[in-house]
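What follows is a short report on a single structure.
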Amino acid sequence: MRHLPNLICLFRLALIWPVVSALHAGNYRVALALFIIAAASDGLDGYLAKRFGWTSELGKFLDPLADKLLIVAVFVEAAWLDLVPWWLTAAVVARDVMIGLGAGIFRLWFGPLHGRPTRFSKINTAAQLLYIMLVMLSAAFGVPPREVLAALALLTLLTTIVSGAHYLQIFTRRAWTQPPHAA
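Take the working numbering: the last position of the sequence shown gets the number 184, and nothing is skipped along the way.
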């Protein structure tokens, strides 16, 4: 049972292709249903890992990887289909690339990066997931209206920028106060 959160993460990774394929084929209801399952699995694996102490080094790597790949893949496909603005997709992808590169550089020069998702990051992830769900809901059923989606796109952009800037500040502060390790 201790590996159940990791199996759920693998399941979420396996759902990325079907979600993107359904979106690409114009099966918005199927894409929405699969995306909701994937998003719910994120909450479930986190709950199980914390509640029962089923955390692992693999899980600490898999969970954020599954989240990032799901969000980036769906944003890029949705932008390709003109469901999501390219400027928002560029911001989402740039933030995740910046965080990934920053973490990789920190790891190489300073050693392991011990950290947890910040409050800003959790709010951003929730905003991105909600926005994409509502975009797919609109594509499938015509609600919510475009004006609501436009406002949520701006809110999602704001949380993406704030979260990215916060991570940049954290990496910079840690790098500034920690000497490089011997390679």
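We treat Cβ as the ideally placed atom computed from N, Cα and C, and that holds for glycine.
Quick caveat: nothing in here was measured; it's all calculated off a predicted structure.
Rounded to the nearest whole angstrom, the CA to CA distance from tryptophan 81 to alanine 91 is 12 Å.
Per DSSP, serine 57 lies in no alpha helix (DSSP H) and is assigned neither H nor E. Inclusion of alanine 67 and leucine 114 in the CB contact set at 8 Å is not warranted, their separation being larger than that value. Relative to the Cα of histidine 167, the nearest Cα in the group Ala141, Arg120, Leu70 belongs to Arg120. Taken through DSSP and simplified to helix, strand or coil, histidine 115 comes out as coil. Secondary structure at arginine 3: coil, using DSSP grouped into helix, strand and coil. Here aspartate 46 is not near proline 19, since their CB atoms are 8 Å or more apart. Put simply, the backbone Cα of arginine 147 is about 13 Å away from that of alanine 141. A contact is defined here as three or more CB-CB pairs under 8 Å, and the stretch 94-110 fails this definition with respect to the stretch 46-57. Looking only at Val136, Cys10, Val73, Leu49, the smallest Cα-Cα distance to arginine 3 is reached by Leu49. In the three-state scheme derived from DSSP, where H, G and I count as helix and E and B as strand, leucine 156 is classed as helix. Within 10 angstroms of the beta-carbon of proline 180 lie fewer than 16 other beta-carbons, which makes it exposed. By the Cβ neighbour-count rule, glycine 143 is exposed, with fewer than 16 other Cβ atoms within 10 Å of its own. Selection Gly105, Gly116, Leu153, Leu138 evaluated against alanine 128 yields Leu153 as nearest (Cα-Cα).
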